[in-house]
Amino acid sequence: MSGETLVYKSEPKTCSYIEKVLEVSDQNGIECTWTSEFANGNYNLVTFKWALNWNQLKNFDADSLIGTITVTSPNNDFNPCAFDVKLTQPVQTISHCAFCNTSSPQVTFEYSLTPHYTPYQEVSCEDLFGPSEQNDTILVVSGKKLHVNKMFLSFHSEFFRALFSSNYKEGSMDEIPIKDVSYEDFGLLLSTIYPKTVFPNDKTVEKLLELADRFIMSSVIGVVEYHLIYNTEIANEKLMLMADKYGMKELLKKTIREINTAEKAKLLKKSSVCKELSENAKSMLFDRIMHWM
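Mapping the sequence shown onto the UniProt record's numbering, position 6 (from 1) lands on 6, and the numbers just tick up by one.
Right under this line is the structure:
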């Protein structure tokens with residue numbers, strides 16, 4: 001799935017071996033620092049670089065930017081060139097070399113980039129939780145019915161294992177009300193353990209963790225942790241807090257390992273993150289910070 005193509009064209013600039021920055025722009029949700037640098041001893045060979053920061057688009061769920069950058073010279077100081085670009089990291093640098101017939105070429109560039117999105121899986125509660133021979137009880141959420149299998153749900157959830165037991169009146173009820181959760185969110189929770197699995201994404205992880213904690217579903221927390229270790233774009237500090245709060249030990253170790261420079265250690269020491277962590281996590285983090293201080 002793709003969005004509207006983003007187009008930008010710079011004003012003409014003159015390259016200089018003294019001043020490297022040609023232009024800094026912020027258009028279409030893309031911050032761009034455009035520089036030029038001549039090769040040592042060869043003022044006819046220039047390398048253009050574009051440092052592109054498109055975090056704003058990442059925040060709106062763009063997965064990549066694909067398109068072209070075109071470099072031209074109004075004075076025909078070098079041959080025009082268009083080359084393909086694929087940006088997958090929120091901060092990425094693209095470079096291109098050109099042979100010029102002068103040591104102070106005039107140059108302009110333009111980009112044409114299209115955001116691409118991975119469509120999220122949608123939960124069809126009607127398909128997943130309709131009546132069937134395999135289902136033997138009904139959960140009522142926000143006035144809507146979900147047909148589920150007691151044994152299957154009990155296997156994945158200590159909460160439901162207890163609820164369906166003879167120790168609770170709900171265990172003998174034909175329809176069991178589940179309060180304080182929306183039909184859509186509850187369907188999303190169960191869809192992570194059902195055969196037609198809907199995998200977590202950065203939009204759904206916080207709600208899944210909240211509900212998995214409430215309904216004591218460790219397998220859901222495990223699936224979310226895998227996503228957060230290998231596939232997320234969420235900031236490291238936020239991941240650290242989530243890992244600590246919901247007992248995701250491997251994720252917590254990974255986020256602490258990410259504190260791998262003195263600068264990162266200083267910034268984290270000054271942040272509010274440390275105050276919100278458990279004593280155990282604080283101890284682990286303190287050891288890491290001291291290593292880099």
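Cβ coordinates follow ideal geometry from the N, Cα and C atoms, glycine included.
Extent of the continuous beta strand (DSSP E) run through residue 347: Only positions 1 to 293 of the chain appear in the structure, and residue 347 is not among them; the question remains open.
CA-to-CA distance, V71 to F48, given in whole angstroms: In the sequence shown, the residue the question calls residue 48 occupies position 48. In the sequence shown, the residue the question calls residue 71 occupies position 71. Rounded to whole angstroms, F48 to V71 spans 9 Å at the Cα level.
Bridge partners - H147, DSSP secondary structure assignment: For the purposes of this step, residue 147 is taken as the residue at position 147 of the sequence shown. Answer is I138.
Alpha-carbon to alpha-carbon, D84 and L52: Residue mapping note: residue 52 aligns to position 52 of the sequence shown, counting from 1. Residue mapping note: residue 84 aligns to position 84 of the sequence shown, counting from 1. Cα to Cα, L52 sits roughly 15 Å from D84.
Where S218 sits in the DSSP three-state scheme: The sequence position of residue 218 within the sequence shown is 218, counting from 1. Helix.
Residues near H116 by beta carbon distance below 8 Å, same chain, minus five either side: Here residue 116 refers to the residue found at position 116 of the sequence shown. Correct list, in chain order: M1, S2, G3, A62, D63, S64, L65, I66.
Under 8 Å between C-beta atoms of L228 and V198: Reading the sequence shown from its first residue, position 228 is the one you call residue 228. Reading the sequence shown from its first residue, position 198 is the one you call residue 198. No, they are not a contact pair.
Test item: CB-CB of T192 and V223 under 8 Å: As a first step, residue 192 is located in the sequence shown; it is residue number 192 there, counting from the start. As a first step, residue 223 is located in the sequence shown; it is residue number 223 there, counting from the start. A contact, by the Cβ cut-off of 8 Å.
Option nearest N40 by Cα separation, candidates M242, N28, I18: Translated into the one-based positions of the sequence shown, residue 40 becomes position 40. Of the candidates M242, N28, I18, the one whose C-alpha sits nearest the C-alpha of N40 is I18.
Candidates A281, L146, K203, F152: closest to S182 by CA position: For the purposes of this step, residue 182 is identified with residue 182 of the sequence shown, where counting begins at 1. The option with the nearest alpha carbon to S182 is L146.
Inside the region 4-62 only - alpha helix (DSSP H) runs reaching at least 4 residues: 55-58
Stretch pair the region 105-112 + the region 160-176: three plus CB contacts closer than 8 Å: no
Ordered list of alpha helix (DSSP H) runs contained in the region 231-279, each at least 4 residues: 236-245, 249-257, 262-270, 273-276
For G187, the first and last residue of its enclosing alpha helix (DSSP H): One-based indexing of the sequence shown puts residue 187 at position 187. Where G187 is concerned, the enclosing alpha helix (DSSP H) stretches over 183-191.
Residue span of the beta strand (DSSP E) that contains F109, given as start and end: Position 109 of the sequence shown holds residue 109. F109 -> beta strand (DSSP E) spans 106-116.
8 Å Cβ cutoff met for C97 and D77: The count along the sequence shown starts at 1 and reaches residue 97 at position 97. The count along the sequence shown starts at 1 and reaches residue 77 at position 77. No, Cβ-Cβ distance for C97 and D77 is not below 8 Å.
Sequence-distant residues of the same chain with beta carbon closer than 8 Å to H156, five excluded per side: By 1-based counting over the sequence shown, the position of residue 156 is 156. These residues qualify, in order along the chain: I193, M217, S219, V220.
Per-residue DSSP class, three states only, for K86: Here residue 86 refers to the residue found at position 86 of the sequence shown. Reduced to three states, the DSSP call for K86 is strand.
Own chain, CB closer than 6 Å to F38, minus 5 neighbours either side, in chain order: If you number the sequence shown from 1, residue 38 lands on position 38. Within the same chain, F38 has close Cβ partners Y17, V46.
Closest Cα partner of L188 within the set T232, I69, F129, N260: In the sequence shown, residue 188 corresponds to position 188, counting from 1. Comparing Cα-Cα distances from L188 to each of T232, I69, F129, N260, the minimum goes to F129.
For E126, the three-state DSSP class (helix, strand or coil): Translated into positions along the sequence shown, residue 126 becomes position 126. Of the three classes helix, strand and coil, the one that applies to E126 here is helix, per DSSP.
Range covered by the alpha helix (DSSP H) that runs through E158: Along the sequence shown, read from residue 1 onward, the residue named residue 158 stands at position 158. It spans 158-163 - the alpha helix (DSSP H) in which E158 sits, taken as one unbroken run.
Boundaries of the beta strand (DSSP E) in which V71 is found, first to last residue: Numbered from its first residue, the sequence shown carries residue 71 at position 71. Segment 64-72, the beta strand (DSSP E) holding V71.
Inter-residue spacing [alpha-carbon to alpha-carbon] between L251 and T232: Residue numbering aside, residue 251 sits at position 251 when the sequence shown is read from its first letter. Residue numbering aside, residue 232 sits at position 232 when the sequence shown is read from its first letter. Each residue's Cα considered, the two are about 11 Å apart.
Pairwise C-alpha distance: F286 and S25: Here residue 25 is taken as the residue at index 25 of the sequence shown, counted from 1. Here residue 286 is taken as the residue at index 286 of the sequence shown, counted from 1. S25 and F286: Cα-Cα distance of roughly 39 Å.
Closest by C-alpha distance to Y226, when choosing among K245, E133, K254, L211: In the sequence shown, residue 226 corresponds to position 226, counting from 1. Per the Cα distances, K254.
Cutoff 7 Å; reference A281; Cβ partners in own chain excluding five residues on either side: Numbered from its first residue, the sequence shown carries residue 281 at position 281. Once the five neighbours on either side are set aside, the close Cβ partners of A281 are D244, L252.
Straight-line gap, E210 to I138 (C-alpha atoms, nearest Å): Counting from one through the sequence shown, the residue named residue 210 turns up at place 210. Counting from one through the sequence shown, the residue named residue 138 turns up at place 138. Using only the alpha carbons, I get a separation of about 23 Å.
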